[in-house]
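For what it's worth, our numbering labels the leading residue of the sequence shown as 44, then goes sequentially. Heads up, the thing below is written out as structure tokens.
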Amino acid sequence: MSENSTNVVKEIERVATGIRLRVLAHTLSNNGGYMSQACSSAELLASLYAGILNFSPTGQPIDPPSFLGVPSIGTDFYQTGAQFHGEKGAEYDRLISSPAHYALVIYAALIETGRLREDGLEHFNRDGSTVEMIGAEHSPGFETTTGSLAQALSQAGGIALARKIRKEKGRTWVFMSDGEFQEGQTYEALQAAAFHGLSNLRVIVDVNKAQCDGPMDSVMSIEPLSQRIEAFGWEVSVVDGHDIPALLSAASRTTSTPHMILCYTDPVRGLPILAERAPVLHYLRFTSTEEHDRYEKAYQEMVK
């Protein structure tokens, strides 16, 4: 591995650690947070923001704007969180994040990579703030509202098709969760993307095998996932989602078809105490002062 590659991996490791720490600190302060999502996806989002995506710089961290209202007839503004990804251009990548409940994790990634102000999470879930608990099109790092779930792949497919027609060099990336493969629209989007030959469409999936009602395999199994996706005409890479060099290698592949990276992850990675809540890990809210104190101790150990 070259010196430059080693430095990139070290930076991604730093960002991933920062993501887990920020989300846990926020969870401790607010008695709630999507902690398992931070544990499983930290390396994925850190790799995207600090190593994979070709974004233009923002110059300095951005202060999250106030919510101006939803688009409607008679208004002449349209605000999205895409500004945190820098300016749009034919040569730059786009990122459409699908699981909107990962918003806290995405905000942490933006702060760690200098795109959102250090105090950005102080606006979290407040009236009039764009730093919403469930990310929408106006939230930092979000470009579209992705519905209840599983609509981002369709939206990104349309964006990628338009970019292909315009002969733009930039790629369109999608960040997804594995629960979205229980949704029919996902498979329609897979089919359409393959039909249109969208080799500029790339997807990275947090396969943490958990969802709001419990383990994926007990709610509705999606395996064998890689074979299902390949059957729709996609290239598929399967990696350990905490193996940063493997992630970067998969992301650098050149394909003539749409490409999906299935990242198998651990929803308690870096915070083993969270495993005590299995099998339902979707949201962490403390049930007692004693439990809160135990997580506070775990946080202090992570900081060392």
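Beta carbons: idealized from backbone N, C-alpha and C, even for Gly. Because the structure is a prediction, the values reported are computed rather than measured.
Neighbourhood of residue i by C-beta, 7 Å cutoff - its chain only, sequence neighbours within 5 removed
i    : result
K212 : A133 and E134
R57  : none
Q225 : M263 and I265
I177 : A143, H144 and A146
L204 : H239 and L241
F120 : L111
R17  : Only positions 44 to 347 of the chain appear in the structure, and residue 17 is not among them; the question remains open.
S182 : G124, A146, T173, V174 and E175
V52  : I287 and P288
Q194 : Q228
T156 : V58, Y92 and A93
First through last residue of the beta strand (DSSP E) which encompasses residue i
i    : result
V174 : Where V174 is concerned, there is no enclosing beta strand (DSSP E), given that its DSSP letter is neither H nor E.
E278 : E278 to D283
S220 : T215 to S220
Cut-off 8 Å between Cβ atoms - residues of its own chain near residue i, not counting five sequence neighbours on either side
i    : result
L64  : Y342, M345 and V346
S261 : P322
R209 : A133
N97  : E134, Y135, D136, G213 and R214
N-terminal and C-terminal residue of the alpha helix (DSSP H) that residue i is part of
i    : result
S269 : L268 to A274
Q194 : Careful: Q194 lies outside any alpha helix (DSSP H) and carries neither H nor E.
E155 : A146 to E155
Neighbourhood of residue i by C-beta distance below 6 Å, restricted to the same chain and skipping five residues each side
i    : result
A125 : E186
V281 : S269 and L305
S220 : P142 and D249
F329 : N74 and H335
E278 : T298, T300 and H302
G257 : P322 and V323
R160 : P104 and D106
E273 : V279
Supposed contact pair residue j and residue i - C-beta distance, whole angstroms, cut 8 Å
i    : j    : result
L147 : Y92  : In fact, because the Cβ distance is near 15 Å, the residues do not count as touching under 8 Å.
T229 : R158 : Rounded, the Cβ-Cβ distance is 28 Å, inconsistent with contact.
I95  : A294 : 5 Å
M222 : L192 : Checking the displayed sequence, the identity of residue 222 turns out to be Gly instead of Met. Rounded, the Cβ-Cβ distance is 7 Å, consistent with contact.
S90  : I55  : 5 Å
F167 : L233 : Not a contact, Cβ separation roughly 33 Å.
L290 : E86  : 7 Å
E180 : T123 : 5 Å
How do the segment 246 to 256 and the segment 307 to 324 stand: do at least 3 beta-carbon pairs fall below 8 Å, yes or no?
yes
Indicate whether the contact test is met: 3 or more Cβ pairs, each with one atom in the segment 96 to 114 and one in the segment 69 to 79, closer than 8 Å.
no
Ordered list of alpha helix (DSSP H) runs contained in the segment 223 to 265, each at least 4 residues
227 to 238 and 259 to 262
Is there contact between the segment 134 to 150 and the segment 181 to 189, where contact requires at least three CB pairs shorter than 8 Å?
Short answer: they touch.
Would you call the segment 231 to 238 and the segment 258 to 266 touching, i.e. three or more CB-CB distances under 8 Å?
no
For the structure I just gave you, are there three or more beta carbon pairs, one from the segment 148 to 159 and one from the segment 81 to 88, closer than 8 Å?
yes
Could you name each continuous alpha helix (DSSP H) segment of 4 residues or more that falls completely within the segment 287 to 341, going from the start of the chain to the end?
287 to 294
Quick check on the DSSP output: what are the complete alpha helix (DSSP H) runs of length 4 or more inside the segment 65 to 144, in order along the chain?
78 to 90
Per the contact definition of three or more C-beta pairs closer than 8 Å, is the segment 269 to 285 in contact with the segment 110 to 130?
no
Do the segment 213 to 221 and the segment 194 to 202 touch if we need at least three Cβ pairs shorter than 8 Å?
yes
Is it a yes or a no for the segment 311 to 318 touching the segment 239 to 248, going by three-plus beta-carbon pairs under 8 Å?
no
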